[in-house]
Every structure is written in structure tokens, then in C-alpha cells.
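Chains as they are written, first to last, in this note's numbering: chain S, 4 to 214; chain H, 123 to 400.
One structure is given below, encoded as C-alpha cells.
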């Protein structure tokens, strides 16, 4: 086990959004969950065998980070701007900084990696939360963890008591974005014979993939 | 003012959207690209660029200095549109960190971009988050190529080609990422689907540059668009679908109630063969 620390940035996502929400700040009253990619990032961090893992992120998800193997937490506000978000991360000498790809948020993990790499002049590398893939990462690099969408481990039940007894100071939601409601989705039923159905689906796939 | 399209990693497919914005505002559209052939440069003009800016970059990280320096010296840039990919987002982040005073707002994975704003859907919610563009700053936006129509190649268009100097930077770093993203097209095959149907699903995925996956309970999220074939699981056992979902099955299934489009037909193989024939 190395004595140096790993930093894992964990992304909070709202579980629901109030229909009255108009500004980014209005999501402050939502419930939050940890992004799937952040779970993958924690899974990779644990597989690297470090004894100190600092999880930095929005407080409502930090107990889960402790239960998933983080040894320390660093609460930050939730921002709609990646540079502002990174400005709240601890500025220590970490062995690696690990970020999930978070495609479901308004800035991706790759953007966070670009900001960290530029501001700290470090290499960006790719990693996967697969214990079979024993990749050696460059010292001091920021690692973008690719999320296949597959399960990356469950909560460690031995750590639940520790995580729930940890006191975590609250932080706010910071941003100037607007929130607007989209039109209700209307599910479409495609009817017809095999040829008609395959033509309708082909048109949809062609639009999606740009063929 | 200029709308710049980062025309690497498939970014040329965003030129149609940029052209639409340029025509609406009277602004110039510039395509930023690496050194290639004159045919490639000409094609970018046909796709909608008024100007093609070429720079002889050797690594992904060099784009950071190229773009930062160009925007600083040019002074007329309004927005830079990137195709959504790991490398693009890392470049955007680094540019933003280098010169925040010049760039704003920042949005990754936009579904829409207009002259005054850009927006994206948040997760699986029916809500979009919108960022307003700021008149004296340059917006950094990565756009899903699936969100825009493929540009029309008009061979009567004229444009200029200009070379940009690459000034070596001592502050560069390596970006060891690939140009993919996790929002690729997925063909998700239900449990117990084997034989010809499974083989055809693999071929459909390959034809449309996606990947086929056999469903297992380990799959918790599918980020990109998905064609689900005979996915018989209960709703609570299904993964979270963040992209557009199309379902085809031989009988009515719970997934159809959450799919954007669904078809029920006993002749599944005939439908898949049809998808391979177009």
C-alpha cells in the first residue's frame, strides 16, 4: 500500500427535479445520487491499492463514497461550470486524480480532466474499473475512468456504520443556468409488416448514428 | 464574428448546423482542421465552411495552444463547436482553464445550439439545462452529432483555405484519450436470444458503427441510443436508458412502455435482415 493519496472526484446527479425549478440553484432542494461513472471511478481507485482515498464532491453523496471505500471526504459545492467546480477541489500532491466520465452531467469527466491537466500540467490517461486490467499509470496523472455502464461493485456493508456516523458539512448549489421543461415524450408504436417496420427503424437509426 | 467548428473526430458533421447559424446571423463559419489533402479542405467548404483553418498538429494536446492562440489573435470568434468525444472535452476543458476570462459559457453534450444559447437534457429527466451565450465572450460547446442533421454537400460553395502557425508551447501536456465516447449506438439483445437473431443483431450493430451486447443484470446504464431486441425483463430490472430507446420484440413487453418507439412483430429476423439491406 502506498502512503500517497488518491483524489476521486465524485459527481452528484439530481434524482428528481421540481416542476417549479427555473434556475440551476433551484435543484438545491432535490435529492441526489452518485453518478454511475463516479462509482466506477471509486472502484478503480480501490483496485489501485492505496491506503488513502479522498472523495471530493457534493455532500449528499459523500456518505456513499465512504461506504464504497473512500477513507476521507472533501465536501464541495455543486457547480454548473467545470472550472468553478475544479476550483473547489483540494490542492494537494496526489499520486493520481481519478474522474469518472460522467456523460450524464452538464460537463463531462473529460472536461474536468482537461482543466486539471492544464492547471497542474499533468498527463491525462484512460482507465477502466476492471480489476483484471492492471494498467500502470504515470505518476501524478489524472485518470479518466471509462464507464461501460456495467456494475462496478456494491457498497461495503462493513463500512456503512462508519459512513453514516461521519459528519459532513453541507454545501450549496452554484450556477447561473436556466432550467426548462421539455415537451412530454410520446411513445411511438411502429406498426406494419416486417418491411415497413424495418424501414421505419432504419430511418430512426440513420438519424441517430448519422449514416 | 466567426463560428468555429472543430472539424476533427467527426466534427465536420456539425458544419451544417454552423452554416444554419451563420446564415441566420450573417457570421462567418470557419472549419478548424489538421493538415490533410486539398480534397479534404474542399469538402469542408462544400459542407458549409467559409474558411478552412489548417494547422499541422501532431498530437491532440497541441490543439489547446492552436485554438487558444487563434482566438486570442483573431478577436472575432463567437463560439467554438466541438463534436462530443473524450478528446474534444479534454481540449475544451484545457482551453477554458488557460484563459477563462475569454471563454464562457461552457457546455458539454449539448442537444441544441442557437445564436443566443445552448442546452442539453439532464439525465433521463424531461428537463433541459440552458446556458446563455455572452456577447463579448467565446462559447465552448460540444454538440452531439446525432442532434443535428447531416450537412448537405454543396459543390457550388466557395471558401478560403488558410494555414495557422503552430507555436511550440512549453506548457503542453499529453492527452492519452481516444476519440470515442460512451454514447455510441448499442444493440442490446435480451436474455435467451441466440442463434440467427443474435447473429443478425451483431451484424446490425456493426453496420451502424455500434456494438452488440447480450443483456445481463450487470448492465446498469446505457448512455447512448439503443436498439433493444426481445428484452423481456421487468421494468425494475431494466438498465437506465439515457439515450433514445427503440424496442423490437416478438410479443408485447414491459420495455415498450418506456421506449421512444417500439414494434411488436413475430418475424424479428426479417426486420433485422431489412436493417442490413438498406
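In this text, a Cβ means the ideal position worked out from N, Cα and C, and glycines have one as well.
Beta bridge pairing from DSSP links residue 262 of chain H with H:202 and H:228. Using a Cβ-Cβ cut-off of 8 Å, residue 10 of chain S is close to nothing in chain H; its nearest Cβ partner there is about 16 Å away. Interface with chain H (8 Å Cβ-Cβ cutoff): residue 102 of chain S is excluded. Nearest to residue 212 of chain S by C-alpha distance, out of H:211, H:393, H:242 and H:366, is H:366. Residue nearest to residue 150 of chain S within the set S:105, S:143 and S:178 is S:105 (criterion: CA-CA distance).
Using beta-carbon distances, residue 185 of chain S counts as an interface residue toward chain H, with a partner under 8 Å. Along the region 297-321 of chain H, the positions whose C-beta sits under 8 Å from a C-beta of chain S are 297, 298, 299, 300, 303, 304, 305 and 307, read in chain order. In the three-state scheme derived from DSSP, where H, G and I count as helix and E and B as strand, residue 165 of chain S is classed as helix. Residues of chain S whose Cβ lies closer than 7 Å to the Cβ of residue 243 of chain H are, in chain order, 185. Restricting attention to H:168, H:169 and H:164, the CA atom closest to the CA of residue 176 of chain H is found in H:164. If the five residues before and after residue 97 of chain S are omitted, its C-beta is found closer than 8 Å to the C-beta atoms of 7, 8, 9, 10, 57 and 143, all from its own chain and listed in chain order. Residues of the same chain with a CB within less than 7 Å of the CB of residue 210 of chain H, apart from the 5 flanking positions on each side, are 128, 131, 204 and 264 in chain order.
Taking a C-beta distance under 8 Å as the contact criterion, residue 181 of chain H and residue 123 of chain H do not qualify as a contact pair. If you check the CB distance, residue 193 of chain H and residue 179 of chain H do not come in under 8 Å.
Using a Cβ-Cβ cut-off of 8 Å, residue 222 of chain H counts as an interface residue toward chain S, since at least one Cβ of chain S sits closer than that to its own.
Not one beta carbon of chain S lies nearer than 8 Å to the beta carbon of residue 201 of chain H. The region 139-202 of chain H is shown to contain whole beta strand (DSSP E) runs of 3 or more residues at 150-156 and 173-177, in chain order. Where residue 184 of chain S is concerned, the enclosing beta strand (DSSP E) starts and stops at 181-184.
For residue 186 of chain S against residue 383 of chain H, the beta-carbon gap comes to about 16 Å, at or over 8 Å, which does not count as contact.
The way I'd put it, the region 69-78 of chain S doesn't touch the region 18-28 of chain S; fewer than three beta-carbon pairs between them come closer than 8 Å. Separation of residue 259 of chain H and residue 250 of chain H (C-alpha to C-alpha, rounded to the nearest whole angstrom) is 23 Å. Contact holds between the region 309-328 of chain H and the region 336-347 of chain H, because three or more Cβ pairs, one in each stretch, are under 8 Å apart.
A straight-line Cα-Cα distance of about 20 Å links residue 100 of chain S and residue 156 of chain S. Looking at the DSSP output, residue 252 of chain H sits in a beta bridge with S:181 and H:241. For the alpha helix (DSSP H) assignment, the uninterrupted runs of no fewer than 4 residues enclosed by the region 81-165 of chain S are, from N- to C-terminal side, 85-90 and 112-123. Residue 334 of chain H has its alpha-carbon roughly 8 Å from the corresponding atom of residue 328 of chain H.
Beta-carbon to beta-carbon, residue 261 of chain H and residue 240 of chain H are separated by about 7 Å, close enough to satisfy the 8 Å threshold. If you ignore the 5 residues before and after residue 166 of chain S, its C-beta comes within less than 6 Å of the C-beta of 66, 69 and 70, all in its own chain and listed in chain order. Among the CB atoms of chain S, none fall inside 8 Å of the CB of residue 256 of chain H. Secondary structure of residue 29 of chain S (DSSP, three-state): helix. In the displayed model, residue 208 of chain H falls within a helix according to three-state DSSP. In the structure shown, residue 17 of chain S falls within a strand segment according to DSSP collapsed to helix, strand and coil. Sequence-distant partners of residue 385 of chain H (beyond 5 residues in either direction) whose C-beta falls short of 6 Å from its own C-beta, in its chain, are 370.
Take the alpha-carbon of residue 238 of chain H and the one of residue 19 of chain S: they are about 28 Å apart. Nearest CB-CB separation between residue 331 of chain H and chain S: below the 8 Å threshold.
When secondary structure is reduced to three states using DSSP, residue 317 of chain H falls in the helix class.
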